[in-house]
Amino acid sequence: MFKKEINKTDILIIGNGEIGNRHFKIIKEHNKNLNIKKVSSRFFNSNSKKFTLDKGFKPKIIVLANPASLHLKNLKNLSHLDSYYFIEKPLADKIFNQDLKYINKIININKIYVGYNLRFLNSLIKLKELLTQKIIGDVCIIKINVGYYLPKWRKKIKYINSVTAQKKLSGGLLFELSHEFDYLLWLFGNIEKFKSIKDKISDLKIDVEDSHFIIGKINKNILFSINFDLLNQAKTRTCEIIGTKNTLIWNGNENSIKIYNKKSDRFTKIFTSKQNISHTYAKQWIYFYNKYLKNDIFENSFNSSVKIVRMINLIYGTKNE
């Protein structure tokens, strides 16, 4: 449950799609003492220069649940409100140096939170704990695999109309599945160098890649690989971590962790959780809202998200000048 305020908090949600509706539902379920106004991204961005709020409505929290290509523009247009910002991942589709300088000038970036909900998945939290305990010794190699057949993934709509399928909406594998970059940074530290190869090898009606493979190095001595795809009929989200003493496998879809058992020569499950992925969205909101109530800050959410976007921009050949 959200901690309650004596006075109602005004919240503005920009985005009337599935994600904006999810935010609205979660907020209402956890605290009815909140005043929420939800507007479509199309309406807001066609009227952003002359957009006015209802008299007496002063949003202390603003949720950007619209296309990533509009996030930075919306931040600039709303900066005068001095609000807390909850931005759906990714932070943006492109970030230029002049954008960062301007945003740092007009907004307290420590009041910006970018929503990577997997950080609230019980098994990933446990994995971080086990790695801190060095249960497998020093990490040497990380193998990440994530993918799902796009028509099955976006089965509630025609997949060709999904953000994932369209370059103009900042679709593509890396933006849609940027969770993998986020938890890689969260668990292991900064990415020092990388190479990638991508292609569209299927007959899916999309104008973005359906397969993308990245290899690189973290903290000088850890090698990693990430395999992204929109082709796998079996929904997959795993991370194999090879250490100097043993090996762990995290399964995000099963919310579980396995460790290699040397005696039986097989992997043994050492952690599992019945937590549903939808619960991570609620936990994320409780975290965000309680930070707001305490007038606390998000120390690294914005800067970490900038690193992710810049890495994706480099991979796609977008310059940051």
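Residue 878 is where the sequence shown starts when you use this note's numbering, and the numbers rise one by one after that. Glycine is no exception: its CB is placed at the ideal position from the N, C-alpha and C atoms.
Quick one: what's got a C-beta closer than 6 Å to residue i's C-beta in the same chain, skipping five residues either side?
i               : result
isoleucine 883  : For isoleucine 883, the predicted model reports a pLDDT of 44, less than 50, meaning its position is unreliable; a value from the coordinates is still stated below. Counting only Cβ-Cβ distances below 6 Å, and skipping sequence neighbours, we find nothing.
serine 1182     : Leu968 and Val991
isoleucine 1192 : Ser1073
isoleucine 1092 : Lys1072 and Ser1102
arginine 1031   : Ser1039
leucine 949     : Ala969 and Asp976
isoleucine 1189 : Leu1051
lysine 1160     : Phe997
Please confirm whether residue i and residue j have their CB atoms less than 8 Å apart.
i               : j               : result
histidine 1089  : lysine 1075     : yes
isoleucine 964  : threonine 886   : no
asparagine 1022 : asparagine 1104 : yes
glycine 1120    : glycine 1014    : yes
serine 918      : leucine 947     : yes
isoleucine 861  : tryptophan 1127 : What the structure shows of the chain is the stretch from 878 to 1198, and residue 861 is not part of that stretch, so it cannot be assessed.
glutamate 1117  : lysine 1029     : no
alanine 1042    : isoleucine 1083 : yes
isoleucine 972  : valine 940      : no
isoleucine 888  : asparagine 908  : no
asparagine 910  : glutamate 1176  : no
glutamine 1152  : leucine 955     : no
tyrosine 993    : tyrosine 1169   : no
Can you tell me where the beta strand (DSSP E) with residue i in it begins and where it stops?
i                  : result
valine 1016        : 1016-1024
phenylalanine 1214 : In the structure displayed, the chain extends from 878 to 1198; residue 1214 sits before or after that span and is not available.
isoleucine 1095    : 1088-1095
asparagine 1128    : 1124-1128
lysine 1112        : Lysine 1112 -> no beta strand (DSSP E), and no H or E assigned at all.
phenylalanine 1144 : 1143-1149
leucine 1054       : Neither: leucine 1054 is in no beta strand (DSSP E) and is coded neither H nor E.
aspartate 1076     : 1068-1076
phenylalanine 963  : 961-965
lysine 915         : 911-916
leucine 1081       : From DSSP, leucine 1081 is part of no beta strand (DSSP E); its letter is neither H nor E.
leucine 941        : 938-941
threonine 886      : 886-891
glycine 992        : 989-992
Let me know if residue i comes out buried or exposed under the rule of 16 or more other beta-carbons within 10 Å of its beta-carbon.
i                 : result
histidine 957     : exposed
glutamine 975     : exposed
valine 1186       : buried
asparagine 981    : exposed
glycine 1066      : exposed
asparagine 951    : buried
aspartate 931     : exposed
serine 923        : exposed
isoleucine 1095   : buried
arginine 1114     : buried
glutamate 1053    : buried
lysine 1045       : exposed
glycine 892       : buried
phenylalanine 920 : exposed
Leaving out five residues on either side along the sequence, give the residues of the same chain with a beta carbon under 7 Å from the beta carbon of residue i.
i                  : result
leucine 1108       : Gly1024, Tyr1026, Ser1079, Asp1087 and Ser1088
phenylalanine 1148 : Ser1000, Lys1003, Ser1133 and Ile1134
isoleucine 899     : Here residue 899 turns out to be arginine, not isoleucine, going by the sequence shown. So the list reads Tyr1158, once near-sequence residues are dropped.
glycine 1049       : Val1085 and Glu1086
aspartate 1106     : Gly1024, Asp1087 and Ser1088
phenylalanine 901  : Ile890, Ile913 and Lys915
isoleucine 1174    : Asn987 and Lys988
serine 1150        : Asn999, Ser1000 and Asn1132
For the alpha helix (DSSP H) holding residue i, just list the boundary residues, first then last.
i               : result
lysine 950      : 948-955
glutamate 1131  : Premise fails: glutamate 1131 is in no alpha helix (DSSP H) and is neither H nor E.
asparagine 898  : 895-907
asparagine 1001 : The question names asparagine, but residue 1001 in the sequence shown is leucine. First-last of the alpha helix (DSSP H) with leucine 1001: 999-1009.
tyrosine 979    : 974-983
leucine 1027    : 1027-1030
What is the C-beta distance between residue i and residue j, in whole angstroms, given that I count them as a contact (C-beta under 8 Å)?
i                  : j              : result
lysine 915         : glycine 894    : Lysine 915 to glycine 894, Cβ: 11 Å. No contact.
serine 1047        : alanine 942    : Contact flag wrong, Cβ pair sits at about 14 Å.
phenylalanine 1179 : isoleucine 989 : 5 Å
isoleucine 1018    : leucine 1100   : 5 Å
lysine 1200        : leucine 1062   : The question about residue 1200 has no answer, for the chain in this structure spans 878 to 1198.
leucine 1064       : leucine 1008   : 6 Å
isoleucine 983     : lysine 953     : 7 Å
Please work out which residues of its chain come closer than 8 Å, Cβ to Cβ, to residue i, disregarding the five sequence neighbours upstream and downstream, and give them in chain order.
i               : result
leucine 995     : Leu1001, His1056, Asp1059, Tyr1060, Gly1129 and Thr1157
asparagine 1123 : Ile1012, Ile1013, Gly1014, Ile1136, Tyr1137 and Lys1139
lysine 1097     : Glu1069
lysine 1033     : Glu895
lysine 1005     : Trp1063 and Leu1064
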